[in-house]
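This report refers to the structure that appears directly beneath it.
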Amino acid sequence: TQLLEQSPQFLSIQEGENLTVYCNSSSVFSSLQWYRQEPGEGPVLLVTVVTGGEVKKLKRLTFQFGDARKDSSLHITAAQPGDTGLYLCAGELRAAGNKLTFGGGTRVLVKP
Amino acid sequence: GAVVSQHPSWVICKSGTSVKIECRSLDFQATTMFWYRQFPKQSLMLMATSNEGSKATYEQGVEKDKFLINHASLTLSTLTVTSAHPEDSSFYICSASTGRGNTEAFFGQGTRLTVV
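Protein chains in written order, with our numbering: chain A, 74 to 185; chain B, 550 to 665.
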C-alpha cells in the first residue's frame, strides 16, 4: 500500500471536458506538490500547496489542499491535448526529513 | 524555477560494464540531491538521498555497492551503475532542492539506460 494513493490511475477524455485527479493519504503532510511528466522527460513542478484548505489556480488548473493536509486534488477545466501526461502528487513528511513521497501517478490522455 | 541538468539523456551499454550518470544544479547550490528509478508507466521510486560531502542514504532494497553515489560538490552528484545487467535497464531521474522553505524539487531530464 502506497503512502499516497492517487486516483484514478488512468483517465481518457475528450478535448473540452473537465477532469479531477485525487491524492489521498492517512498521513499529514507539511506540503504537497503536483508535477506533470511527459514521456522520456523528468517531472515538471506545477504547484506547491502548504496551508490546509489552500486553493491555487494555474490557468485552467485548480489545486486544492485538504483542510487536514492529508489529501489534495487537481482539477483541469476544458482539457486540451497539451494537458496529456503523467500527473504525480508528492508530499513532504516532516518525519522523513526533506524527502518527497510520490503517489502512483495518474496517466491523462486528452483526445482531440 | 531552478534548473537541474542530467547527462546523458540516454545510454546503451553492454552487460557487465559500468555507467555513470551526472546530475548538476545549474543555478543554485544543492546540499541534497535525490536519485529515482522509474519503470514504464509507473511512478518514481526513490533510490537514495545524496548528501554533499557525506555518504548517501539508500532506501531499503537498493544495493549500495551496485548503485554508487558521489556528491563531491554542491552542484554535482553522480550515480554509477556498476556491473550493469539487463534488469538494470530503466529510466533514472535525479532531483535537487534549493533547501529554502518547502521541499520543492526540481528534476533533471532523466537518463534512459538500456543494458544489452
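Where a beta carbon is used, it is the ideal one built from N, C-alpha and C, also for glycine.
Open item on the list: Considering only the alpha carbon of each residue, which of A:174, A:168, A:160 and A:184 lies closest to residue 112 of chain A?
Closed with: Here residue 112 of chain A is taken as the residue at index 39 of the first sequence, counted from 1. The shortest C-alpha separation from residue 112 of chain A is found at A:160.
Task: Assigned exposure category for residue 591 of chain B - 16 Cβ within 10 Å defines buried - done: Numbered from its first residue, the second sequence carries residue 591 of chain B at position 42. Exposed, since its Cβ has fewer than 16 Cβ neighbours within 10 Å.
TODO: Give the single residue among B:655, B:653, B:637 and B:571 whose Cα lies nearest to the Cα of residue 561 of chain B.
DONE: Along the second sequence, read from residue 1 onward, the residue named residue 561 of chain B stands at position 12. Residue 561 of chain B has its Cα closest to that of B:637, out of B:655, B:653, B:637 and B:571.
- [ ] Check the Cβ-Cβ distances between residue 642 of chain B and every residue of chain A, and say whether any is below 7 Å.
- [x] As a working mapping, residue 642 of chain B is identified with position 93 in the second sequence. Residue 642 of chain B counts as touching chain A.
- [ ] Indicate whether residue 627 of chain B and residue 569 of chain B have their beta-carbon atoms separated by less than 7 Å.
- [x] By one-based count along the second sequence, residue 627 of chain B stands at place 78. By one-based count along the second sequence, residue 569 of chain B stands at place 20. Yes, the pair counts as a contact, with Cβ atoms nearer than the cut-off.
Open item on the list: Against chain A, with Cβ distances strictly below 7 Å, would residue 653 of chain B count as a contact?
Closed with: As a working note, residue 653 of chain B is residue 104 in the second sequence. Chain A, which has a Cβ nearer than 7 Å to the Cβ of residue 653 of chain B, makes this yes.
Task: Beta-carbon proximity list for residue 605 of chain B, same chain, < 6 Å, skipping 5 on both sides - done: If you number the second sequence from 1, residue 605 of chain B lands on position 56. Apart from sequence neighbours up to five positions away, the residues of its chain that approach residue 605 of chain B with a beta-carbon distance below 6 Å are 597, 599 and 618, ordered along the chain.
- [ ] Assign residue 133 of chain A to one of three DSSP states: helix, strand, or coil.
- [x] Numbered from its first residue, the first sequence carries residue 133 of chain A at position 60. In the structure shown, residue 133 of chain A sits in coil (DSSP, three-state: anything other than H, G, I, E or B).
TODO: Quick one: residues in its chain with C-beta nearer than 7 Å to the C-beta of residue 175 of chain A, no 5 flanking neighbours on either side, listed in chain order?
DONE: On the first sequence, position 102 is the one that residue 175 of chain A refers to. Only 77, 161 and 163 meet the Cβ criterion.
- [ ] Establish whether the CB of residue 175 of chain A and some CB of chain B are separated by less than 7 Å.
- [x] Taking the first residue of the first sequence as position 1, residue 175 of chain A is located at position 102. Closer than 7 Å to some Cβ of chain B, the Cβ of residue 175 of chain A qualifies, so yes.
Task: Proximity below 7 Å, CB of residue 180 of chain A to CB of residue 151 of chain A - done: Taking the first sequence and counting its residues from 1, the one referred to as residue 180 of chain A is at position 107. Taking the first sequence and counting its residues from 1, the one referred to as residue 151 of chain A is at position 78. No.
- [ ] Give the range of the beta strand (DSSP E) segment to which residue 158 of chain A is assigned.
- [x] For the purposes of this step, residue 158 of chain A is identified with residue 85 of the first sequence, where counting begins at 1. For residue 158 of chain A, the enclosing beta strand (DSSP E) has its first and last residue at 158-165.
Open item on the list: What ranges does the beta strand (DSSP E) occupy inside the region 589-633 of chain B, keeping only unbroken runs of at least 3 residues that lie completely in it?
Closed with: 593-600, 616-622 and 625-630
TODO: Could you say which of A:103, A:86 and A:91 lies nearest to residue 185 of chain A if we only look at CA atoms?
DONE: As a working note, residue 185 of chain A is residue 112 in the first sequence. Selected option, being the one with the closest Cα: A:86.
TODO: Just the C-alpha distance for residue 552 of chain B and residue 586 of chain B, rounded to the nearest angstrom, thanks.
DONE: Against the second sequence, residue 552 of chain B aligns to sequence position 3. Against the second sequence, residue 586 of chain B aligns to sequence position 37. So the alpha carbons of these two residues sit roughly 20 Å apart.
Open item on the list: Let me confirm a value: residue 82 of chain A is counted as buried when at least 16 other C-beta atoms fall within 10 Å, else exposed. Which label applies?
Closed with: Within the first sequence, residue 82 of chain A is the residue found at index 9, counting from 1. So residue 82 of chain A counts as exposed.
TODO: May I have the straight-line CA-CA distance separating residue 650 of chain B from residue 576 of chain B, to the nearest angstrom?
DONE: What you label residue 650 of chain B is simply residue 101 of the second sequence in a count that begins at 1. What you label residue 576 of chain B is simply residue 27 of the second sequence in a count that begins at 1. The predicted position of residue 650 of chain B is uncertain, since its pLDDT is 49 and thus under 50; a value taken from the coordinates is nonetheless stated next. C-alpha separation (whole angstroms): 17 Å.
Task: Coarse secondary structure for residue 571 of chain B, derived from DSSP in three states - done: Residue numbering aside, residue 571 of chain B sits at position 22 when the second sequence is read from its first letter. Note: residue 571 of chain B maps to strand in three-state DSSP.
TODO: Identify the contact partners of residue 574 of chain B in chain A, using a Cβ-Cβ distance below 8 Å as the criterion.
DONE: Here residue 574 of chain B is taken as the residue at index 25 of the second sequence, counted from 1. Per Cβ cutoff of 8 Å: no residues; residue 574 of chain B is ~13 Å from chain A at best.
- [ ] Evaluate residue 182 of chain A with the Cβ neighbour count: other Cβ atoms within 10 Å of its Cβ, from every protein chain shown; 16 or more gives buried, anything less gives exposed.
- [x] Within the first sequence, the letter at position 109 stands for residue 182 of chain A. Looking at its Cβ environment, which holds fewer than 16 other Cβ atoms inside 10 Å, residue 182 of chain A is exposed.
Open item on the list: According to DSSP, is residue 140 of chain A part of a helix, a strand, or is it coil?
Closed with: Position 67 of the first sequence, counting from 1, holds the residue named residue 140 of chain A. Three-state DSSP puts residue 140 of chain A in coil, outside helix and strand.
- [ ] Can you tell me which of the three DSSP states residue 168 of chain A falls into?
- [x] Position 95 of the first sequence, counting from 1, holds the residue named residue 168 of chain A. Looking at residue 168 of chain A - three-state DSSP - the assignment turns out to be helix.
Open item on the list: Against chain A, does residue 616 of chain B count as a neighbour if the rule is that its beta carbon must be under 7 Å from one of theirs?
Closed with: The residue labelled residue 616 of chain B in the question sits at position 67 within the second sequence. No - not a single Cβ of chain A is within 7 Å of the one on residue 616 of chain B.
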